[in-house]
Structures are given as C-alpha cells and as structure tokens.
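First residue of the sequence shown? That's 1 in full-length UniProt numbering, and the numbers climb one at a time after it.
Here's the structure, in structure tokens; my notes come after.
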Amino acid sequence: TEKAEILETLVLKDMTTADDAYDIDTWPVKMAAEVPGDVILGGLMMVHEREESMTCGPIMPEGGVQALEAMLYTLDVINARHDKKFTVGAHILDDCDKDTYGLEMAVDFIKEEEEEEEEDEEEEEEEEEEEEGEKEEEEEEEEEEEEEEEEEEEEGKEEEEEEGEKKKRKKKKKKKEKKEEKKNKKEKK
1 TEKAEILETL VLKDMTTADD AYDIDTWPVK MAAEVPGDVI LGGLMMVHER
51 EESMTCGPIM PEGGVQALEA MLYTLDVINA RHDKKFTVGA HILDDCDKDT
101 YGLEMAVDFI KEEEEEEEED EEEEEEEEEE EEGEKEEEEE EEEEEEEEEE
151 EEEEEGKEEE EEEGEKKKRK KKKKKKEKKE EKKNKKEKK
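Have a look at this one:
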C-alpha cells in the first residue's frame with residue numbers, strides 16, 4: 001500500500017493535466033516521493049519520458065516505473081531485516097529524462113537538505129541557549145540559597161553573642177548577689 005501511494009504520487013497524480021494544453025507550463029509540479037527513514041537516499045528517476053513541447057512527456061512504464069518499483073522493493077527488503085540499527089528511506093524525484101530538468105531537481109534536493117540542516121542547527125542552538133538559561137537560573141538560585149544560609153549563620157552568631165552576653169550578665173548578677181549575701185551574713189554575725 002505504501003508503494004502504491006508513492007507510485008501514485010510520482011506517476012498518477014496530475015496525469016490529466018499533462019494532456020491539457022492550457023496547463024503545460026504548470027505540469028508537473030515538482031513531485032517527490034518520500035519514504036521515511038533514519039538515512040535518506042536521494043533518487044532521480046526517469047518516470048516520465050522526454051518531451052520537447054513540455055517539461056515531461058508520457059509515463060515510461062518499462063523503464064522509469066520499474067526502476068522506481070525496484071528501488072522501493074529494495075528499501076522494503078533492507079528495512080525488513082531484524083538486525084538493522086537504522087531504517088533507510090528515500091527522497092525520489094522525477095527528472096523526465098532531461099538533463100537540465102534533472103539537474104534542477106538535484107539542486108532542489110540539495111537545497112532541501114541544506115535547509116533541513118540549517119533548521120537542525122537552529123534547533124540545536126535554541127536548545128543550547130535554553131540549557132544555558134537553565135544553568136544560569138540554577139546558579140542564581142544556588143547563590144541566593146548561599147546568601148540566605150550566610151545570613152542565617154550571621155543571625156545565629158548574633159543570637160549566640162546576645163545569649164552569651166545575657167549569660168555573662170546573669171553570672172555577674174549572681175556573683176554580685178552572692179557577694180551581697182556574704183556581706184549581709186558577715187554583717188549579721
């Protein structure tokens with residue numbers, strides 16, 4: 001079913017417009033068949049014949065379609081293996097058996113790959129920026145926690161100092177009271 005959809009994409013879509021004299025300039029709209037995979041192979045296939053009066057002529061069932069079917073079958077066989085570590089996909093373009101049109105399609109394929117790479121790089125940069133932002137936030141939080149701990153330690157020291165002074169005062173008071181008691185006892189004697 002997937003093969004049928006891919007074949008339909010390249011071969012059957014817009015076939016009626018090929019015979020329509022008014023749509024010669026717009027047909028074919030750069031059709032591409034794509035098979036998803038981890039590794040993508042680029043393919044230029046002669047699905048349509050060369051035609052002088054328009055970009056692409058009639059379908060080439062013996063050459064182009066069979067080559068396309070063979071490529072799709074090969075991808076199915078490769079991807080059906082159980083020991084594979086990745087899947088193989090394809091990005092297939094129709095060159096209509098014309099060198100200049102095929103070159104144009106190949107350039108389009110390369111441009112698409114470059115655009116995808118640029119998008120991937122932009123996504124990576126955004127992720128790195130987000131990670132840096134998160135790291136900065138974590139560092140700021142750690143600094144704030146350290147400052148709070150230092151403040152708590154200082155407050156604790158101040159409280160200890162105040163308690164120490166209070167204890168000293170109490171001791172002094174007790175000493176004075178004891179001295180006074182001793183004096184009072186001596187005087188009474």
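Where is the CB? At the ideal position from N, CA and C, for every residue including glycine.
Residue i - DSSP class collapsed to helix/strand/coil
i      : result
Met45  : strand
Arg169 : helix
Gly102 : helix
Glu51  : coil
Gly63  : helix
Thr16  : Unreliable positioning characterises Thr16 in this predicted model, as indicated by a pLDDT of 37, which lies under 50. The coordinate reading is nonetheless provided below. Helix at Thr16.
Gly89  : strand
Asp83  : coil
Gly57  : coil
Trp27  : Legend: pLDDT at Trp27 = 45, less than 50; position of this residue unreliable, no value from coordinates given.
7 Å Cβ shell around residue i - same chain, five flanking residues per side excluded
i      : result
Gly102 : Leu44, Asp95
Glu127 : none
Pair within 8 Å by beta-carbon distance, residue i and residue j
i     : j      : result
Leu41 : Ala106 : no
Glu49 : Gly37  : no
Val35 : Phe86  : no
Leu75 : Val88  : yes
Bridge partner(s) assigned by DSSP for residue i
i     : result
Asp94 : Met45
Ala33 : Ile92
Val77 : Partner(s): none; Val77 has no beta bridge.
Val39 : Val88
Residue closest to residue i, alpha-carbon to alpha-carbon, out of the options
i     : options                      : result
Glu52 : Thr74, Thr100, Asp120, Glu34 : Thr100
Met31 : Leu93, Glu115, Lys172        : Leu93
Sequence-distant residues of the same chain with beta carbon closer than 6 Å to residue i, five excluded per side
i      : result
Glu118 : none
Own chain, CB closer than 8 Å to residue i, minus 5 neighbours either side, in chain order
i      : result
Glu158 : none
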